[in-house]
Structure formats: structure tokens, C-alpha cells
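Note that this note's numbering numbers the sequence shown so that position 4 is 520, with each residue one more than the last.
Ideal Cβ placement from N, Cα and C applies to all residues, glycine included.
Reviewing the structure listed below.
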Amino acid sequence: MPWLEYVSEEVKKKKDISNNELLKKISAEINKQEQNRDLLTVNSKAFIEDAVSSALPALYSIVMKF
């Protein structure tokens with residue numbers, strides 16, 4: 517039954533290859549999501565910094581009136 521062993525090995529190789537391809541796709545998707553999250557964090561920080569820096573002069577003038 518060497519043919520059965522051969523077929524079994526070939527099936528196992530193909531299964532390993534398909535699992536590796538699936539893992540590569542999953543890994544790529546995870547990396548993409550992490551990059552999107554990092555970009556969102558950077559954009560959020562920049563937005564907050566801009567909002568605070570533009571509000572500070574108004575707050576200062578209000579405080580100085582009292």
C-alpha cells in the first residue's frame with residue numbers, strides 16, 4: 517500500500533500549504549487592522565491637540581476678565 521502512503525503525504529502537504537496560506541491571510545489582516553488603529557490613534561491625538569491649543573486663548577481671556 518505505498519500508494520496510500522503517498523496519497524496521504526500529498527494530502528497532508530496540501531493541507532499544510534492551505535493552512536499556511538490561511539495563516540498568512542489572517543496575519544496580513546491583523547497587521548492591517550493594527551495599522552488602521554495606530555493611524556486612528558495618531559489622528560485622534562492631533563485632533564485633541566488642535567482643539568486644546570485653539571481653545572486656550574479663549575479660556576485665558578475669560579479667566580483674565582475675572
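It is roughly 20 Å from the alpha-carbon of residue 562 to the alpha-carbon of residue 575.
In the structure shown, residue 563 falls within a helical segment according to DSSP collapsed to helix, strand and coil. Straight across, the Cα-Cα distance linking residue 558 with residue 540 is about 27 Å. Looking at the backbone, the Cα of residue 560 and that of residue 528 are separated by about 47 Å.
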